[in-house]
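Right, one structure below, let's go through it.
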Amino acid sequence: MNNTSLVYASEDINKNGINNKYLWELIYNRAKEIKNSFSINEIVVLFHAYCNSLSYDINCIQIINFFWDLLNNKMNDLNYSSLLALYSCAEKTKNSHKIKEISNILLKYMLDHPSEMKLTEKGLNIILKMCIHNYSDSIGTIDNMNIIHISNYIQNVDLKDAKTVMLCLHFFIIFNSFGEPFINLLKKIQSLLIFKKITPYIVLKYLCLLNNINNHPIAIKEVKNTISIIYLLHRANNNL
Numbered sequence: 125m126n127n128t129s130l131v132y133a134s135e136d137i138n139k140n141g142i143n144n145k146y147l148w149e150l151i152y153n154r155a156k157e158i159k160n161s162f163s164i165n166e167i168v169v170l171f172h173a174y175c176n177s178l179s180y181d182i183n184c185i186q187i188i189n190f191f192w193d194l195l196n197n198k199m200n201d202l203n204y205s206s207l208l209a210l211y212s213c214a215e216k217t218k219n220s221h222k223i224k225e226i227s228n229i230l231l232k233y234m235l236d237h238p239s240e241m242k243l244t245e246k247g248l249n250i251i252l253k254m255c256i257h258n259y260s261d262s263i264g265t266i267d268n269m270n271i272i273h274i275s276n277y278i279q280n281v282d283l284k285d286a287k288t289v290m291l292c293l294h295f296f297i298i299f300n301s302f303g304e305p306f307i308n309l310l311k312k313i314q315s316l317l318i319f320k321k322i323t324p325y326i327v328l329k330y331l332c333l334l335n336n337i338n339n340h341p342i343a344i345k346e347v348k349n350t351i352s353i354i355y356l357l358h359r360a361n362n363n364l
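Heads up: the sequence shown begins at 125 in my numbering, then just goes up one per residue.
Below you can see the structure in the form of structure tokens.
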């Protein structure tokens with residue numbers, strides 16, 4: 125099998141839900157033989173397929189290190205979608221050094237090419253986790269322009285997953301961003317609360333973390349509206 129065939133084979137294994145470590149050993153052994161024939165994007169696809177396979181084993185160090193070694197000093201050449209895929213590989217392999225390295229490359233990419241990033245909800249989820257992780261690691265590492273870019277991405281993505289919605293709320297709160305995107309998110313949360321698509325007490329937990337919002341009267345109004353809905357839901361649920 126050549127490089128292209130290996131990539132297709134790896135994706136087919138996942139599409140068909142095959143759990144067979146022997147198949148991945150065959151792919152790994154063949155990939156070692158033709159490692160110089162892979163493009164960098166093919167390496168990412170192959171690595172991402174392995175990390176998301178039913179056969180993935182974090183203790184299979186030789187396969188994991190093989191992919192990281194192939195990608196060494198080449199990650200700056202990747203586009204944002206490949207970087208997002210690779211970030212999820214770094215998370216899956218619990219490689220904190222690569223998480224930091226890929227985060228920095230992605231943040232720079234976002235600064236240099238903000239309009240190129242057409243994020244899905246899944247991609248936005250990764251970006252949000254990355255920024256929150258960076259913040260907890262080292263306060264002040266996120267550029268203000270990137271906060272603006274991410275706020276705009278949040279507005280442009282059709283949020284369906286409650287977990288992503290809460291990541292968005294967490295992002296706005298820790299970076300004290302209370303403009304129009306934050307206000308629109310609160311309105312989205314209010315709707316989710318009314319239709320019981322999100323847990324009220326988790327929302328309240330995050331809202332309790334709010335500070336530096338005094339200069340944003342419209343945002344304060346929407347926070348109060350959200351808390352009022354939570355209060356009414358609490359009374360209704362407890363027959364008060």
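Cβ coordinates follow ideal geometry from the N, Cα and C atoms, glycine included.
Keep in mind it's a predicted model, so treat the numbers as computed, not measured.
Shown here for Phe-296: same chain residues with a beta carbon closer than 6 Å to its own, the five before and five after excluded, namely Phe-306 in chain order. Assignment of Asp-181 by DSSP, reduced to helix, strand and coil, places it in the coil class.
Look at Leu-194 here: in three-state DSSP terms it is helix. For Asn-349, the enclosing alpha helix (DSSP H) begins and ends at 341-361. Between Leu-208 and Ile-167, the C-beta gap is not smaller than 8 Å, which leaves the two residues out of contact.
CA-CA distance, Asn-249 to Ser-239, rounds to 18 Å.
By the Cβ neighbour-count rule, Thr-128 is exposed, with fewer than 16 other Cβ atoms within 10 Å of its own.
Closest by C-alpha distance to Met-234, out of Cys-213, Leu-333 and Asn-270, is Asn-270. Ranked by Cα distance from Trp-148, the options Ile-322, Leu-170, Asn-160 and Gln-314 are led by Leu-170.
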